[in-house]
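Working notes, beginning with the structure itself.
2 protein chains.
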Amino acid sequence: MFRYFLQLSYKGTRYFGWQIQPNAVSVQEVLEKTLSTVLRESVAVVGAGRTDTGVHALFYILHFDVLNEITESEKLVFHLNRFLPDDIAINKIWKVENEMHARFSAVSRTYKYFISTEKNPFKAETSFLYTGFLDVDKMNEAARILFYYNDFTSFSKLHTDVKTNNCKIYEAAWKQEDKQLVFSIKADRFLRNMVRAIVGTLLDVGKGKTTIEDFKKIIESKDRGAAGTSVPPQGLFLVDIEYNA
Amino acid sequence: MFRYFLQLSYKGTRYFGWQIQPNAVSVQEVLEKTLSTVLRESVAVVGAGRTDTGVHALFYILHFDVLNEITESEKLVFHLNRFLPDDIAINKIWKVENEMHARFSAVSRTYKYFISTEKNPFKAETSFLYTGFLDVDKMNEAARILFYYNDFTSFSKLHTDVKTNNCKIYEAAWKQEDKQLVFSIKADRFLRNMVRAIVGTLLDVGKGKTTIEDFKKIIESKDRGAAGTSVPPQGLFLVDIEYNA
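Just so you know, the sequences run in chain order A and B.
Note that the numbering used here has the first sequence beginning at 127, numbered continuously upward.
Note that the numbering used here has the second sequence beginning at 127, numbered continuously upward.
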């Protein structure tokens with residue numbers, strides 16, 4: 127058995143997220159079918175994590191195991207890209223140790239959330255349009271507070287089956303770029319819906335609806351009902367995943 | 127009567143081009159309906175020129191006449207953008223002299239054609255994917271030849287009703303930008319299908335199928351059959367239109 131890592135990117139608009147599910151097209155399903163066809167053996171893929179419906183990935187890692195060693199990986203990448211639809215692109219395939227795991231070996235993930243501050247016909251599917259005033263300094267002040275906490279239950283989808291809601295935040299900051307506002311957040315792990323709930327709550331801070339003190343209280347309450355509304359999925363991009371060498 | 131210029135951008139993917147036609151949605155139709163609704167009078171719009179199905183505009187100008195003067199144009203822009211679909215955005219509306227005409231007063235137009243040299247899930251609708259080798263220096267050498275000619279019948283759609291096929295080319299150059307190749311062309315006017323036919327023929331030069339000498343002969347033949355295949359519409363953007371002050 128040989129294990130491979132595969133690095134890809136996808137536009138999530140047409141998919142019901144990463145994970146295979148009945149009666150809906152997922153990125154995972156399309157990849158398993160294409161890999162199985164091209165490699166002529168049944169291939170199951172294990173992804174670095176879930177992404178929700180409409181969420182995109184500029185950088186995504188999956189692993190798969192095959193019986194026959196892959197000799198020409200560049201050629202394989204080329205063939206797979208021709209078979210795959212326009213909105214999924216493979217960048218690289220390489221052999222790894224059998225102990226490496228796309229999900230469990232990952233030590234950090236980075237997401238970006240894009241807000242268009244002016245209507246842009248070319249970004250309707252890849253950003254969230256918000257043209258009102260936002261106090262970006264206040265939003266950054268609140269974002270820095272995230273570093274002092276570990277338990278993010280307040281920003282987690284209810285009734286998930288994870289054992290702990292603890293995450294270590296490495297990076298959390300807003301940047302104004304021309305006609306968009308970009309939030310970057312890096313952590314060892316993320317709870318379901320966590321980034322979109324954090325962004326939604328930080329927008330409430332930017333609008334003046336929620337004070338910095340309120341923001342702290344929301345985190346400390348460990349109550350999802352206390353946080354702001356999640357922002358829509360089309361602005362969210364998974365942009366990096368790190369592994370221990 | 128008051129005449130206004132309106133500057134907008136649109137993603138052409140969903141539209142059968144700029145111009146109104148039966149049984150197909152055009153950008154012009156959507157704009158006329160929205161302007162008429164918001165301004166509460168029947169508004170006809172005159173565009174700077176046609177764009178074909180699937181072609182985009184980063185910068186487009188139209189004019190329209192109204193009986194009632196527009197007093198708050200920024201507010202109007204805001205309202206129109208809320209009414210319009212995601213893939214059309216208005217940037218500005220301003221009053222002009224009644225003699226100004228979106229099409230006849232234009233003194234130049236600039237188009238860009240985008241080629242992705244690597245598969246990109248986010249550019250399937252806004253670029254043409256070509257991963258083979260292209261000799262960009264040769265393509266630029268051929269592009270410079272365009273300056274020495276006026277009659278571009280060879281790159282025009284057959285049976286159009288224009289009186290002359292003469293155009294003055296001001297700019298024609300390829301630029302390599304990261305993972306894309308961009309062709310910019312500026313002229314006083316363009317014939318139907320001209321940019322896509324020129325790009326297709328220049329690609330043949332880049333692939334080594336057509337020599338520089340052949341390229342000259344193609345122009346001189348004034349025969350559309352001699353030129354290369356037109357490239358697909360999704361890579362084409364109208365990016366600028368100039369008017370005499």
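Glycine is no exception: its CB is placed at the ideal position from the N, C-alpha and C atoms.
Cβ contact annotation for residue 136 of chain B (same chain, cutoff 8 Å, sequence separation greater than five): 153, 182, 183, 186, 213, 214 and 215, in chain order.
In the structure shown, the three-state DSSP call for residue 129 of chain B is strand.
Of all residues in the segment 205-235 of chain B, only 207, 212, 213, 214 and 215 come within less than 7 Å of chain A when Cβ atoms are compared, listed by chain position. Collapsing the DSSP output to three states places residue 347 of chain A in a helix. Using a Cβ distance threshold of 8 Å, residue 243 of chain A and residue 257 of chain A count as a contacting pair.
By the Cβ test, the segment 200-207 of chain B is not in contact with the segment 222-231 of chain B, since fewer than three Cβ pairs between them sit closer than 8 Å. Interface annotation, residue 336 of chain A: not in contact with chain B, CB-CB separation never under 8 Å. Proximity of residue 137 of chain A to chain B, defined by a Cβ-Cβ separation below 8 Å, is satisfied. For residue 323 of chain B, the closest of B:355, B:255 and B:156 by C-alpha to C-alpha distance is B:355.
Apart from sequence neighbours up to five positions away, the residues of its chain that approach residue 279 of chain B with a beta-carbon distance below 6 Å are 291 and 348, ordered along the chain. Listed as beta-bridge partners of residue 173 of chain B by DSSP are B:188. The beta carbons of residue 295 of chain A and residue 272 of chain A sit about 5 Å from each other, so the pair counts as a contact at 8 Å.
The C-alpha of residue 245 of chain B lies about 19 Å from the C-alpha of residue 261 of chain B.
With 16 or more other Cβ atoms inside 10 Å of its own Cβ, residue 235 of chain B counts as buried.
The residues 279, 280, 281, 282, 283, 284 and 323, in chain order, have a CB closer than 8 Å to that of residue 350 of chain A in the same chain once the five nearest residues on each side in sequence are set aside. Looking at the backbone, the Cα of residue 171 of chain A and that of residue 325 of chain A are separated by about 30 Å. One alpha carbon belongs to residue 309 of chain B, the other to residue 332 of chain B, and they sit about 13 Å apart. Residues of chain A whose Cβ lies closer than 7 Å to the Cβ of residue 245 of chain B are, in chain order, 207 and 215. Beta-bridge partners of residue 234 of chain A (DSSP): A:368. Interface annotation, residue 250 of chain A: in contact with chain B, CB-CB separation under 8 Å. Note that the C-beta distance between residue 328 of chain B and residue 269 of chain B is below 8 Å. Scanning its chain for C-beta atoms nearer than 7 Å, with the 5 sequence neighbours on each side dropped, one finds around residue 177 of chain A the residues 138, 143, 144, 183 and 364, in chain order. Residues 330 of the same chain have their beta carbon placed closer than 6 Å to that of residue 336 of chain A, with the five preceding and five following residues left out of the count. For residue 344 of chain A, the CB contacts under 7 Å within the same chain, skipping 5 residues up- and downstream, are 280, 327, 352 and 353 in chain order. In this structure, residue 151 of chain B lies away from residue 209 of chain B, with their beta-carbon atoms at least 8 Å apart.
DSSP, reduced to helix, strand and coil, places residue 245 of chain A outside both helices and strands of the structure shown, so it counts as coil.
As the crow flies, the alpha-carbon of residue 293 of chain A is around 17 Å from that of residue 369 of chain A.
Within the segment 308-346 of chain B, the alpha helix (DSSP H) runs of at least 4 residues that lie entirely inside it are, in chain order, 320-332. Around the Cβ of residue 220 of chain A, a 10 Å sphere holds fewer than 16 other Cβ atoms; the residue is exposed. Residue 282 of chain A is not bridged by DSSP to any residue. Contact between residue 228 of chain A and residue 189 of chain A is confirmed by a C-beta separation of about 4 Å, below the 8 Å threshold. Secondary structure note for residue 266 of chain A: its alpha helix (DSSP H) is the uninterrupted segment 262-271. Beta-carbon to beta-carbon, residue 167 of chain B and residue 134 of chain B are separated by about 20 Å, too far to satisfy the 8 Å threshold.
In this structure, DSSP gives residue 145 of chain A a state outside helix and strand, which the three-state scheme calls coil.
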